[in-house]
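Peer 1:
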Amino acid sequence: MANLDAKISEVYGKKLRVRVCGICIRDEKILLVHHKSLGKTGSLWAPPGGGMEYGESASEALKREYKEETGLTIEVDRFLFVHEYLDPPLHGIELFFLVRTNNDAPILGEDPEMEKNNQIITSVGFYDLKALIREKKKSLHYVLQHAEDIDTLINLKGYFKFH
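Here this note's numbering = 1-based position in the sequence shown + 5.
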């Protein structure tokens, strides 16, 4: 675990990253990726997304990240809000978008910045947000912790720093 924490800090830590995150809703459930060794509890449930690369548009980055983490092809519907994520050593400015996908099932993807034998993504799927808030609130991304339900989440507008 210490090696994984050190690798996460080396790859992502102690620098400001611009990230894109996609909110995908299907049958009143939200698509989430579970990461080990992240967050205050060592377990983080978050919408698919990741860092933008130089020269890449937000839409292109989000499509790439979705494909890497979930195997799904998406269409970006609309911009929702900005969140400043700070959970040392991680610091990111996150651009949240509402996205659409076909009815394909998500598959467990990977983080290409981590070695094959040291992946941090452990599961991906559609989940009942209200149930997760009740059962795993402290392991949810800060944005999800502050949403009462899906409607509240997709109607957020502005700049937030939930901590």
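Note that CB positions come from ideal geometry on N, CA and C, so glycine has one too. Small disclaimer: the values here were computed from a predicted structure and weren't measured.
1) How many angstroms separate the CA atom of isoleucine 155 from the CA atom of tyrosine 132?
2) Would you kindly work out how many angstroms separate the C-alpha atoms of glutamine 150 and lysine 143, rounded to a whole number?
3) Just to confirm the assignment, what range does the alpha helix (DSSP H) spanning isoleucine 155 have?
4) Compare the Cα-Cα distances from glycine 56 to each of Phe165, Lys141, Val25 and report the closest residue.
5) Threonine 78 lies in the alpha helix (DSSP H); which residues open and close that run?
6) Give the range of the beta strand (DSSP E) segment to which glutamate 99 is assigned.
7) Let's test the definition: count the other Cβ atoms within 10 Å of the Cβ of glycine 47 and tell me whether it reaches 16, buried, or not, exposed.
8) Please determine, among Ala152, Ala136, Asn108, Pro117, the residue with the shortest C-alpha to C-alpha distance to aspartate 32.
Peer 2: The short version:
1) 11 Å
2) 7 Å
3) If you look at isoleucine 155, you'll find it in the alpha helix (DSSP H) that goes 155 to 159.
4) Val25
5) According to the DSSP assignment, threonine 78 belongs to no alpha helix (DSSP H), since it is labelled neither H nor E.
6) 95 to 106
7) exposed
8) Asn108
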